[in-house]
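J.: Chains as they are written, first to last, in my numbering: chain A, 1 to 347; chain B, 348 to 694. Cβ atoms here follow ideal geometry from the backbone N, Cα and C, with glycine treated the same way.
2 protein chains.
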Amino acid sequence: MPTLNEVARHAGVTPATVSNVLRNRGRVGETTRQRVLEAVAALGYRPHLAARALAEGRAPTLALMVSSIANPFYPEFALAVERAARTSGHFVIICNTNEDPLTGRAYLDQIAGTLSEGVLVTNANLDFADLHTTEARGTPVVLCMWERPHEPPGLPCVAVDFRLAGELAGQHLLALGHRRIGAIVGSKATGVHAARYQGFVDALHAAGAPKGRVKHALDTIQGGYTATRALLDADPTITAIFATNDLPALGAMHAAADLGLSVPGELSVIGITDIQLARESRPALTTVAVPTVEVAGLAVSLLRELIESSYGQAGKAAAPDAVTVPMRISSPPELVVRASTGVPRSP
Amino acid sequence: MPTLNEVARHAGVTPATVSNVLRNRGRVGETTRQRVLEAVAALGYRPHLAARALAEGRAPTLALMVSSIANPFYPEFALAVERAARTSGHFVIICNTNEDPLTGRAYLDQIAGTLSEGVLVTNANLDFADLHTTEARGTPVVLCMWERPHEPPGLPCVAVDFRLAGELAGQHLLALGHRRIGAIVGSKATGVHAARYQGFVDALHAAGAPKGRVKHALDTIQGGYTATRALLDADPTITAIFATNDLPALGAMHAAADLGLSVPGELSVIGITDIQLARESRPALTTVAVPTVEVAGLAVSLLRELIESSYGQAGKAAAPDAVTVPMRISSPPELVVRASTGVPRSP
DNA sequence: CTGAAAGCGCTAACAG
DNA sequence: CTGTTAGCGCTTTCAG
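#1: Could you tell me whether any Cβ in chain A is nearer than 8 angstroms to the Cβ of phenylalanine 475 (chain B)?
#2: Go ahead and pull the three-state DSSP assignment for isoleucine 416 (chain B).
#3: I'd like the list of long-range same chain contacts for phenylalanine 128 (chain A), defined as Cβ closer than 8 angstroms, with 5 residues on each side in sequence excluded.
#4: What residue from A:His216, A:Val336, A:Val288 has the CA that sits closest to arginine 163 (chain A)'s CA?
#5: Could you give the distance in angstroms between the alpha-carbon of alanine 596 (chain B) and the alpha-carbon of aspartate 582 (chain B)?
#6: Helix or strand or just coil, what does DSSP make of alanine 686 (chain B)?
#7: Could you give the residue range of the alpha helix (DSSP H) that holds threonine 228 (chain A)?
#8: Secondary structure at tyrosine 544 (chain B), three-state DSSP: helix, strand or coil?
#9: Nearest-angstrom Cα distance between alanine 661 (chain B) and glycine 460 (chain B)?
#10: Check the DSSP bridge columns for methionine 674 (chain B) and list the partner residues they point to.
#11: Of all Cβ atoms in chain B, is any one closer than 8 angstroms to the Cβ of histidine 48 (chain A)?
#12: Using the rule of at least 16 other Cβ atoms within 10 Å of the residue's Cβ for burial, across every protein chain shown, is valine 66 (chain A) buried or exposed?
#13: Ignoring anything shorter than 4 residues or poking outside the stretch 48 to 116 of chain A, list the alpha helix (DSSP H) runs there in chain order.
#14: Just to confirm before moving on: does the CB-CB distance between glycine 224 (chain A) and leucine 204 (chain A) stay below 8 angstroms?
#15: Please state whether DSSP places isoleucine 275 (chain A) in a helix, a strand or coil.
#16: Would you report the Cα separation of threonine 486 (chain B) and glycine 465 (chain B), rounded to the nearest angstrom?
#17: Is it buried or exposed for lysine 562 (chain B), if we count other Cβ within 10 angstroms and need 16 for buried?
#18: Considering valine 214 (chain A), what are the terminal residues of the beta strand (DSSP E) in which it resides?
#19: Using only the alpha-carbon positions, how far apart do threonine 220 (chain A) and arginine 560 (chain B) sit?
#20: When you compare only the Cα positions, how much space is there between methionine 674 (chain B) and glutamate 498 (chain B)?
#21: With a cut-off of 8 angstroms on the beta carbons, I'd call threonine 286 (chain A) and valine 336 (chain A) a contact; round off their distance for me.
#22: Measuring alpha carbon to alpha carbon, tell me which residue in A:His178, A:Phe73, A:Ala85 is nearest asparagine 123 (chain A).
#23: Give a yes or no on whether the C-beta atoms belonging to alanine 80 (chain A) and alanine 296 (chain A) are separated by under 8 angstroms.
#24: Residues of the stretch 101 to 118 of chain A with a CB closer than 8 angstroms to any CB of chain B: list them in chain order, please.
#25: Assign arginine 27 (chain A) to buried or exposed, taking buried as 16 or more other Cβ atoms, counted over all protein chains shown, within 10 Å of its Cβ.
#26: Use the C-beta contact count for threonine 671 (chain B): other C-beta atoms within 10 angstroms, 16 or more gives buried, fewer gives exposed.
#27: State buried or exposed for asparagine 5 (chain A), treating a residue as buried only when at least 16 other CB atoms are found within 10 Å of its CB.
#28: Hey, would you say leucine 649 (chain B) sits closer than 8 angstroms to valine 532 (chain B), going by beta carbons?
#29: Could you give the C-beta distance for leucine 120 (chain A) and alanine 299 (chain A), rounded to a whole number, given that I count them as a contact under 8 angstroms?
#30: Between proline 638 (chain B) and the rest of its own chain, which residues show a CB-CB distance below 6 angstroms, the 5 nearest in sequence each way excluded?
#31: Of all the CB atoms in chain B, is at least one closer than 8 angstroms to the CB of histidine 216 (chain A)?
#32: Which residues in chain A sit within 7 angstroms of glutamate 423 (chain B), going by Cβ to Cβ distance?
#33: Roughly how many angstroms separate the alpha carbons of threonine 361 (chain B) and glutamate 82 (chain A), rounded to a whole number?
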């Protein structure tokens, strides 16, 4: 691997000049520029990114924290993040926390600021204190899927109005005529899907409909499957299932299939997110779509801004504007009606 | 961010000593070691990975090239890769080629050897010449899913006997009594699934069964869907579909659903790979499982070995053992019978 | 057992 | 416009 120095020698200039032509910095004469470019091509020179990172004091990578990339939502998101990151020359390092805050911390400790100049956090079971620590150490962090635009998390974030998503789902079911609706909340009671469920309840309330049964479940197909069976077991008159995420909704459809209930004939099912699988299931899942690609784009660009300004204010003492934690809000979720919802069966 | 130097000062020693205790190198006195450790803890020191990379001449990351992380097989594989990589302190950078060889080359050019010390390649539409180039430049490359153990690709790889997988699938269908089987090959005629289809044909041949119809398709659910409809259109007497991958197999099931054909009652469907979705579809997909996690582990450890030896032989002139390109073979694929296959309908 | 010194490959002022 | 001079933070001989 040829170095900058060798290229410089080959071109009969100094390393600084080569560096300059390569990054269009200091103005360089056209003839030397050509000479340098030729040398670069001749030697097949490629800049050593680690060296550059050290010299610049910043690494060209972003860390993407996910609980498990195997959860089908994350790959879609990761793809969008990577695309956005590439536009600013960033590479993305994927950090699976495997739902373990300690693993998450280990990642943050190791790469934040030393190999990555910014951190993107999805709903990855992380300790907020750890995130604040890495922020305090100078590495910007942004939360990618904050659920409650009206209750900022105290960390830069891009928020999606998930309460609205829940409400839209509820309204859709209500409009179809459903009154006995089971709800599957894909997390513990205190969990991250509270806003979605709240929206659903709001819709019910506004329509004067009864509140219905709720079941908390793992945010997986299996979780939705189990929850649905429990729900239907407890109340066979349920005509629709609202799940706070697509995966459990898919599980609900499976449960229906196993119980011999047709969807949507005998049971309607709706989810939230609109992952690819939602389109591809049979029947195709009605859901409330979250603008995934947009969120990824917003998150990356917010992170970039934070990174830039973090270098900018390096000299400033005690920035008191730390109170204004930035938050971007994505465009609102939208109902996508597909084949898993319909009018309720007659009693 | 405290530096090694500051820690050294704090502990009243030199940076070299701190470095030594941190990596258990030069023997260090127990008392100074303690002192250093305290200083490290007190200052919250974390090594600067980019600086270390430069000094060591090697980066702590591996590049994982995939065509699109959104294809459901890759996340599962990526997760396994990351787990394996962590055991040697490596981070993984995910590189989506988006099926574009140029994008792949751009990635290789930029990070191979400068930010990543090794490259893992899945079936990511890459130019082999580019891979050889990066290898020649000194960055080891390993192919992760080579399909034909008996025709080494000329690059280090871990191979899976996909011909066998196709054969097992064929045998299963045959054993059930199917004779009119449609095949969906998830790639162009010249493509990467040739071995799988060959195995299937071998099984047919061995049983003296007719060869049946074939349709090439995109390696997606949609591709399988379209292909299935075409197949059934051309020959309604088909009783089973063999797909060279799970995604198209899933698509076949959807097509069946839309045509009002019950699976497996009126149409059996089998795939290859056993992605998570196969377990989670309804009916659950019968498939031939590839040992994904094992393959990831083999690939990472092979890559590690290549990396180590590449540093080792740095001085040696013209290593003539370049002829022995290493290949690891995974344990054989295994048939997983689930609910999508059964005896053929009576004529 | 520990310190001093050189350098990894590149960038960033500042001179000339 | 181009060259000089310092490092970035860490590792690694080699002396002491």
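T.: Quick look at the numbers:
#1: No, phenylalanine 475 (chain B) does not count as interfacial toward chain A.
#2: Coil, per DSSP.
#3: Excluding sequence positions up to five before and after phenylalanine 128 (chain A), its CB lies within less than 8 angstroms of the CB of Pro153, Gly154, Leu155, all in the same chain and listed in chain order.
#4: When only C-alpha atoms are compared, the closest one is A:Val288.
#5: Distance between alanine 596 (chain B) and aspartate 582 (chain B), taken at the CA atoms: about 18 angstroms.
#6: In the displayed model, alanine 686 (chain B) falls within coil according to three-state DSSP, outside both helix and strand.
#7: First-last of the alpha helix (DSSP H) with threonine 228 (chain A): 221 to 234.
#8: Tyrosine 544 (chain B): helix per DSSP, three-state reduction.
#9: Note that alanine 661 (chain B) scores 49 on pLDDT, short of 50, meaning its location in the model is unreliable; the coordinates nonetheless yield the value given after this. Distance between the alpha carbons of alanine 661 (chain B) and glycine 460 (chain B) is about 14 angstroms.
#10: The secondary-structure analysis by DSSP pairs methionine 674 (chain B) across a beta bridge with B:Cys504.
#11: So yes, histidine 48 (chain A) belongs to the interface.
#12: In this structure valine 66 (chain A) is buried. Its beta-carbon is surrounded by 16 or more other beta-carbon atoms within 10 angstroms.
#13: If we require 4 residues or more, the alpha helix (DSSP H) runs fully inside the stretch 48 to 116 of chain A come out as 49 to 56, 73 to 86, 101 to 111.
#14: In this structure, glycine 224 (chain A) lies away from leucine 204 (chain A), with their beta-carbon atoms at least 8 angstroms apart.
#15: For isoleucine 275 (chain A), the secondary structure class from DSSP, reduced to helix, strand or coil, is coil.
#16: Spanning the two alpha carbons is a distance of roughly 6 angstroms.
#17: Label assigned to lysine 562 (chain B): buried.
#18: Per DSSP, the continuous beta strand (DSSP E) segment holding valine 214 (chain A) begins and ends at 214 to 216.
#19: The alpha-carbon atoms of threonine 220 (chain A) and arginine 560 (chain B) are separated by roughly 37 angstroms.
#20: Counting only the Cα atoms, glutamate 498 (chain B) lies some 10 angstroms from methionine 674 (chain B).
#21: About 7 angstroms separates the two Cβ atoms, so the contact holds.
#22: Checked all of A:His178, A:Phe73, A:Ala85; the closest Cα to asparagine 123 (chain A) is A:Phe73.
#23: In contact: alanine 80 (chain A) and alanine 296 (chain A) (Cβ atoms closer than 8 angstroms).
#24: From the stretch 101 to 118 of chain A, only Asp109, Gln110, Ile111, Gly113, Thr114, Leu115 have a Cβ closer than 8 angstroms to chain B.
#25: Exposed, since its Cβ has fewer than 16 Cβ neighbours within 10 Å.
#26: With fewer than 16 Cβ atoms within 10 Å of its Cβ, threonine 671 (chain B) is classed as exposed.
#27: Note on asparagine 5 (chain A): under 16 other CB atoms within 10 angstroms of its CB, so exposed under the neighbour-count rule.
#28: Taking 8 angstroms as the cut-off, the Cβ atoms of leucine 649 (chain B) and valine 532 (chain B) do not count as close.
#29: By a beta-carbon distance limit of 8 angstroms, leucine 120 (chain A) contacts alanine 299 (chain A). Their separation comes to about 6 angstroms.
#30: Non-local C-beta neighbours of proline 638 (chain B) in its own chain, meaning closer than 6 angstroms and more than five positions away in sequence, comprise Ser677, Ser678, ordered along the chain.
#31: By this cut-off, histidine 216 (chain A) is not an interface position.
#32: Simply Ala70.
#33: Separation of threonine 361 (chain B) and glutamate 82 (chain A) (C-alpha to C-alpha, rounded to the nearest whole angstrom) is 41 angstroms.
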